[in-house]
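K.L.:
Going line by line, the protein sequences match chains S and F.
Position 21 of the first sequence, counting from 1, maps to 120 under the working numbering, and the rest follow consecutively.
Position 51 of the second sequence, counting from 1, maps to 150 under the working numbering, and the rest follow consecutively.
For each residue, glycine too, the CB sits at the ideal point set by N, CA and C.
Number of protein chains: 2
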Amino acid sequence: MKIGELSRATGTNIETIRYYERIGLLPKPHRTVANYRSYGDPHRARLTFVRHSRDLGFTIEEIRSLLDLSDDPGRDCSEADRIASRHLAQVEDKIAQLTLLRDELTRIVGRCRGGVAAECRVIEALGDHRHCASAH
Amino acid sequence: MKIGELSRATGTNIETIRYYERIGLLPKPHRTVANYRSYGDPHRARLTFVRHSRDLGFTIEEIRSLLDLSDDPGRDCSEADRIASRHLAQVEDKIAQLTLLRDELTRIVGRCRGGVAAECRVIEALGDHRHCASAH
DNA sequence: ATGCACCCTGTAGCAACTACAGGGTCAAGA
DNA sequence: TCTTGACCCTGTAGTTGCTACAGGGTGCAT
Chain S
100 MKIGELSRAT GTNIETIRYY ERIGLLPKPH RTVANYRSYG DPHRARLTFV RHSRDLGFTI
160 EEIRSLLDLS DDPGRDCSEA DRIASRHLAQ VEDKIAQLTL LRDELTRIVG RCRGGVAAEC
220 RVIEALGDHR HCASAH
Chain F
100 MKIGELSRAT GTNIETIRYY ERIGLLPKPH RTVANYRSYG DPHRARLTFV RHSRDLGFTI
160 EEIRSLLDLS DDPGRDCSEA DRIASRHLAQ VEDKIAQLTL LRDELTRIVG RCRGGVAAEC
220 RVIEALGDHR HCASAH
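Quick look at the structure:
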């Protein structure tokens with residue numbers, strides 16, 4: 100299949116597919132006589148893996164390691180588990196951090212009573228950390 | 100005060116202060132005869148405002164609008180409230196999204212039973228969206 | 001006079017794309 | 001046959017919000 104079809108089949112931008120090839124995340128496909136990229140099912144599967152992993156928030160380097168692992172079926176699975184677990188921990192950290200942030204923002208937004216900027220509680224709160232309930 | 104002192108006073112990297120000046124977020128300070136930047140209290144307050152807003156996740160452009168607003172004390176406060184509310188909504192979206200992601204990752208990580216990559220449930224799950232409980 | 005901490009400018013790098021500019025290819029319709 | 005339009009190619013530069021140099025100048029203490 101051509102790049103446009105692969106793009107539609109995987110929901111990936113064409114430019115992104117070429118980018119993944121350039122950084123070595125996807126193998127170089129064969130070319131037609133017109134120098135068009137020509138992909139097969141293994142390419143589609145690999146790109147699906149990459150996109151799915153990106154959707155789950157894995158970095159390109161993490162995905163590279165996971166792909167290396169899946170290319171080498173005899174290797175121990177524990178590294179994949181380690182990468183995924185570490186990522187999970189990062190996501191949990193991020194959620195905790197955003198939750199604090201949300202609480203602070205809720206407090207700040209709730210202070211607005213209308214009026215002019217000179218008396219704006221939102222602007223005041225942004226300029227003075229002492230209004231905050233928690234460290235961030 | 101010199102840039103190093105301002106850096107320590109606000110917990111901002113020196114390079115970041117110069118960057119903010121370059122993009123017009125902070126006004127150009129006076130210079131000493133040796134061409135050193137020389138800051139006063141208004142600069143410190145403005146930088147504190149910027150850092151605090153960044154810590155709360157506002158973008159540079161949002162901060163620019165908020166600063167414009169606070170520079171013009173007669174203006175209506177509602178724009179500040181609008182910016183903050185929109186940002187709060189974005190943070191809430193992000194939390195919801197990350198929570199879905201966390202659940203999916205938890206499911207994936209939980210499937211690992213050790214063994215070799217060929218049978219790795221983590222790698223399998225990443226390659227096949229059908230294993231997922233929700234869209235993402 | 002020599003070391004050291006500090007300051008300056010300008011440019012390039014990071015992640016993970018995205019968006020052109022400027023060209024080539026190919027099949028269908030007039 | 002010619003043309004139109006959809007598709008493809010390469011290469012480079014832009015995005016956000018910094019951070020990290022390289023290569024130099026300044027100021028103060030010893």
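Would you check if the region 206-219 of chain F and the region 109-129 of chain F touch, i.e. whether three or more CB-CB distances between them fall below 8 Å?
P.N.:
no
K.L.:
Using the three-state DSSP reduction, which class does V221/S fall into: helix, strand or coil?
P.N.:
Looking at V221/S - three-state DSSP - the assignment turns out to be helix.
K.L.:
So for D154/F, helix, strand or coil by DSSP?
P.N.:
The answer is helix: DSSP assigns D154/F an H, G or I state.
K.L.:
DSSP state of V149/S, grouped into three classes?
P.N.:
DSSP, read as helix, strand or coil, puts V149/S in helix.
K.L.:
How is the alpha helix (DSSP H) around A179/S delimited, first residue to last?
P.N.:
177-209
K.L.:
Could you give the first and the last residue of the continuous alpha helix (DSSP H) run that contains A108/F?
P.N.:
From DSSP, the alpha helix (DSSP H) with A108/F extends over 102-109.
K.L.:
Over what stretch of residues does the alpha helix (DSSP H) that includes R117/S continue unbroken?
P.N.:
113-121
K.L.:
In three-state terms, what does DSSP make of R174/S?
P.N.:
coil
K.L.:
Measuring CB atoms only, is the region 116-135 of chain S touching the region 175-192 of chain F, in the sense that at least three cross pairs come out at less than 8 Å?
P.N.:
no
K.L.:
Going by beta-carbon coordinates alone, are A217/S and P172/F separated by less than 7 Å?
P.N.:
yes
K.L.:
Assess, as a yes-or-no matter, whether the region 188-196 of chain S is touched by the region 154-162 of chain F under the definition of 3 or more beta carbon pairs within less than 8 Å.
P.N.:
Put simply, the region 154-162 of chain F does not touch the region 188-196 of chain S. Fewer than three CB pairs are less than 8 Å apart.
K.L.:
Taking only three categories from DSSP, how would you classify R143/F?
P.N.:
helix
K.L.:
Measure the C-alpha to C-alpha separation of R181/F and D170/F and round it to an integer number of angstroms.
P.N.:
17 Å
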